[in-house]
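This report concerns only the one structure given below.
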Amino acid sequence: MGSLSEPIMEETYSKPPGIRVMERAKKSNLSFKTYQGIVLIVTFLAYTSYHATRKTTSIVKSALDPQSPDVGLKFPWQRRNTTYEQNQSSKLSWMLKDGWVPFNGVDGTAMLGELDVSFLFVYAMGMYFSGHVGDRMDLRIFLTIGMVGTGVFTALFGVGYWANVHIFYYYLIVQMMAGLFQSTGWPSVVAVVGNWFGKKKRGLIMGIWNAHTSIGNITGSLVASLLLKYGWGWSMVVPGTLIAVVGVVVFLFLPVNPESVGANKDEDEVFSPRKVGDEVTEPFLRSDREEESAVGFIEAWKIPGVAPFAFCLFFAKLVAYTFLYWLPFYISHTAIEGRYLSNEEAGNLSTLFDVGGVVGGILAGYISDRLDARAITAASFMYCAIPVLYFYRSYGHVSMTINIILMLITGVFVNGPYALITTAVSADLGTHSSLKGNSRALATVTAIIDGTGSIGAAIGPLLTGYISTNSWSGVFTMLMGSAFIAGLFLTRLVVAEVGEKIQQLGPQGSSPRSRSPDLLV
Numbered sequence: 057m058g059s060l061s062e063p064i065m066e067e068t069y070s071k072p073p074g075i076r077v078m079e080r081a082k083k084s085n086l087s088f089k090t091y092q093g094i095v096l097i098v099t100f101l102a103y104t105s106y107h108a109t110r111k112t113t114s115i116v117k118s119a120l121d122p123q124s125p126d127v128g129l130k131f132p133w134q135r136r137n138t139t140y141e142q143n144q145s146s147k148l149s150w151m152l153k154d155g156w157v158p159f160n161g162v163d164g165t166a167m168l169g170e171l172d173v174s175f176l177f178v179y180a181m182g183m184y185f186s187g188h189v190g191d192r193m194d195l196r197i198f199l200t201i202g203m204v205g206t207g208v209f210t211a212l213f214g215v216g217y218w219a220n221v222h223i224f225y226y227y228l229i230v231q232m233m234a235g236l237f238q239s240t241g242w243p244s245v246v247a248v249v250g251n252w253f254g255k256k257k258r259g260l261i262m263g264i265w266n267a268h269t270s271i272g273n274i275t276g277s278l279v280a281s282l283l284l285k286y287g288w289g290w291s292m293v294v295p296g297t298l299i300a301v302v303g304v305v306v307f308l309f310l311p312v313n314p315e316s317v318g319a320n321k322d323e324d325e326v327f328s329p330r331k332v333g334d335e336v337t338e339p340f341l342r343s344d345r346e347e348e349s350a351v352g353f354i355e356a357w358k359i360p361g362v363a364p365f366a367f368c369l370f371f372a373k374l375v376a377y378t379f380l381y382w383l384p385f386y387i388s389h390t391a392i393e394g395r396y397l398s399n400e401e402a403g404n405l406s407t408l409f410d411v412g413g414v415v416g417g418i419l420a421g422y423i424s425d426r427l428d429a430r431a432i433t434a435a436s437f438m439y440c441a442i443p444v445l446y447f448y449r450s451y452g453h454v455s456m457t458i459n460i461i462l463m464l465i466t467g468v469f470v471n472g473p474y475a476l477i478t479t480a481v482s483a484d485l486g487t488h489s490s491l492k493g494n495s496r497a498l499a500t501v502t503a504i505i506d507g508t509g510s511i512g513a514a515i516g517p518l519l520t521g522y523i524s525t526n527s528w529s530g531v532f533t534m535l536m537g538s539a540f541i542a543g544l545f546l547t548r549l550v551v552a553e554v555g556e557k558i559q560q561l562g563p564q565g566s567s568p569r570s571r572s573p574d575l576l577v
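First residue of the sequence shown: 57, per my numbering; consecutive thereafter.
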């Protein structure tokens, strides 16, 4: 029987350097709950920094292209700007601070849309590979490389300000590389959290944890908006530096799984001791990794429920990321109570959408836990988003108060299902019974679902760049249609869940055909 003072067997486990220092200072091994706390905090900070750097581009847009409402959008082959015209305009732009060549020209908004789609397309493609790689290597190292790489290329975008770079393809390539490194984040953090936490209250726990997405967006908006007055380059370099620093923290402190640090899984339950009569809760992933082989890409697609939720997320993220990338721009170019807000004011106001997103993620997780119905919850939120989007477009300009209220409500219904699907649903499917206990699937399933969603996230901002030149009402029509289609993809799962609830309300409380633990079929 061991005691707290027994020697720490570092040679047996590949503990992160920071963990070793903590245990030396404490002169005992860390408890299982302490490890869980470290995992939650470190992964929360990690993905907060990912989203903070991702949000900066939307803030910088208004500085790069301040006159875009009067600009016509064209596809690349229709552009009229010549290199000579861009070079002449750059001199005037530098002095008058009226934007940044080439983004302040007649094709500026189209170029910004192309930066978004290039970033998100590479991000989506990289996501599939990241999940595949993440199930096969040390996630601590993989995540560190991704964060430092993201920081470097985010900062390089800002370096263009001081280097006076006016070449569109410089920014395009930098954004594509940033998207590639960003793709390492989500499959990694979900897999690490999955290694440490069981299924009890999964929707609520992951809904709270997933607040890092909105908090990252808020942090990125506030930091970028604050620094914008000193030059838009600072709005990219500072967040880029911060994510690299957090990447070092990940390297020093993140324990990937209990086996890697010799933690005893049976020491604690998720957040409370098991009570007599409670059903046994198993961790997301089993520990006998040596007996398992990683699940293949095609095999993961065949898991019941993966395809419908993946395609639902395609349209859900199309809506969410259109707001992520274009909301500050939309606000700064829409008169509220007859007044146009400054770039900094628009950036700060846009953070309220993410405040609503925090509430929406937690609420969706809680409701889905209470109802034991992921599909019903996600579809209901998507359908509720349709009238909310209509009201925000139609009445958001009437007064600041109405704009704030409608923006908060929009954040709740747009980000709620997005958060639920990318966390609790992905974890459910990544540990589906059809895998027969195989633990090497969670990162791959997460990557498939979020990678498919990220393709939609790339298309939404791109289409917005072109549609908005004619009418922002057209953009909101696209968003409402996307929300409707997202809900439709879950129809079969919703019908199954409703049928199961009806059976539960029957005279016997159940029936021979009552739902198995694998409802997501």
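We put the beta carbon where it would ideally sit given N, CA and C, even for glycine.
In this text, all values refer to a predicted model and were calculated from it rather than measured experimentally.
Within the same chain, and ignoring the five residues on either side of L380 in sequence, the residues whose Cβ sits closer than 7 angstroms to its Cβ are K111, S114, N273. Excluding five sequence positions before and after A402, the CB atoms of its chain that fall closer than 7 angstroms to its own CB belong to S118, P384, I387, S388, given in chain order. Shown here for L405: same chain residues with a beta carbon closer than 6 angstroms to its own, the five before and five after excluded, namely I387 in chain order. Counting along the chain, W288 sits inside no alpha helix (DSSP H), nor does DSSP assign it H or E at all.
Its chain contains E400 as the residues whose beta carbon lies nearer than 8 angstroms to that of K285, once the 5 sequence neighbours on both sides are disregarded; these appear in chain order. For the 8 angstroms CB-CB criterion, W265 and F100 form a contact. With a cutoff of 8 angstroms on beta-carbon distance, V362 and V501 are scored as near each other. In this structure, DSSP gives I392 an extended state, which the three-state scheme calls strand.
The C-beta separation of L464 from L544 comes to about 26 angstroms, leaving the pair out of contact by the 8 angstroms criterion. When C-alpha distances from M232 are compared across I223, F209, G509, G161, the shortest belongs to F209. If you draw a straight line from the Cα of V173 to the Cα of I418, it comes to about 29 angstroms. Residue range 88-120 is occupied by the alpha helix (DSSP H) that includes K89.
With fewer than three CB-CB distances shorter than 8 angstroms, the stretch 529-537 does not count as touching the stretch 195-202. When DSSP states are grouped into helix, strand and coil, G361 belongs to the coil group.
Between A542 and F371, the C-beta gap is smaller than 8 angstroms, which places the two residues in contact. For G235 and H107, the gap between their C-alpha atoms comes out near 12 angstroms.
In the displayed model, A429 falls within coil according to three-state DSSP, outside both helix and strand. In the displayed model, H222 falls within coil according to three-state DSSP, outside both helix and strand.
Secondary structure of H188 (DSSP, three-state): helix. Closest by C-alpha distance to A166, out of A211, L228, T547, is L228. Under a 10 Å Cβ-count criterion, E553 is classified as buried, with 16 or more other Cβ atoms of the shown protein chains found around its own Cβ.
Here W528 carries a helix assignment [DSSP, helix/strand/coil]. Taking A356 as the centre and dropping the five residues before and after it, the same chain places the C-beta of V362, A497, T500, V501, I504 closer than 7 angstroms to its C-beta, in chain order.
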